[in-house]
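**Student:** Just dropping this structure here.
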Amino acid sequence: MYGVKITVESVGAVPCGSGLQVGDSWSMNAKNGSLVMEDFSGCCPELLNTVLPHCLVMALDGKMSWEIDGKCTSCCPDPNSMVIVSMERIPEIK
Numbered sequence: 005m006y007g008v009k010i011t012v013e014s015v016g017a018v019p020c021g022s023g024l025q026v027g028d029s030w031s032m033n034a035k036n037g038s039l040v041m042e043d044f045s046g047c048c049p050e051l052l053n054t055v056l057p058h059c060l061v062m063a064l065d066g067k068m069s070w071e072i073d074g075k076c077t078s079c080c081p082d083p084n085s086m087v088i089v090s091m092e093r094i095p096e097i098k
């Protein structure tokens, strides 16, 4: 099992309502066979609901069709702020 790091790559012309900025990041760390969400302050539930299915697939070593070198992207459902995040696998914490 892998952990997954989520990083804000871009924000559209309208600022994010939750205040997300390029470079903000969070981790879902793999510990003892489960994922533990860490440092998720500032991540809105809409973005979390969007990326969670992708993170679960990546944590279990599945592949997204648009994934390149273990990294894929997804977008916030808010069409005004258009927050784009990348997700990448990170090693399990022993």
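According to the numbering used here, the sequence shown is numbered sequentially starting from 5.
Beta carbons are placed, not taken as given, at the ideal position from N, Cα and C, and that holds for glycine.
Keep in mind that this is a model prediction, so the values were computed, not measured.
1) If you scan the stretch 6-30 from start to end, which runs of the beta strand (DSSP E) of 3 or more residues do you find wholly inside it?
2) Which value, in whole angstroms, describes the spacing of the CA atoms of residue 29 and residue 90?
3) Do residue 27 and residue 8 have their C-beta atoms closer together than 9 angstroms?
4) So the beta strand (DSSP E) residue 91 belongs to, where does it begin and stop?
5) Given a cut-off of 9 angstroms on the beta-carbon distance, is the pair residue 35 and residue 96 in contact?
6) For the beta strand (DSSP E) that contains residue 76, what are its first and last residues?
7) Inspect the CB distances between the stretch 75-91 and the stretch 36-56 and report whether three or more fall short of 8 angstroms.
8) Taking the straight line between their C-alpha atoms, what separation do you get for residue 70 and residue 64?
**Tutor:** Reading off the structure:
1) 7-14
2) 9 angstroms
3) no
4) Note, residue 91: beta strand (DSSP E), 88-94.
5) yes
6) 75-79
7) yes
8) Rounded to whole angstroms, residue 70 to residue 64 spans 17 angstroms at the Cα level.
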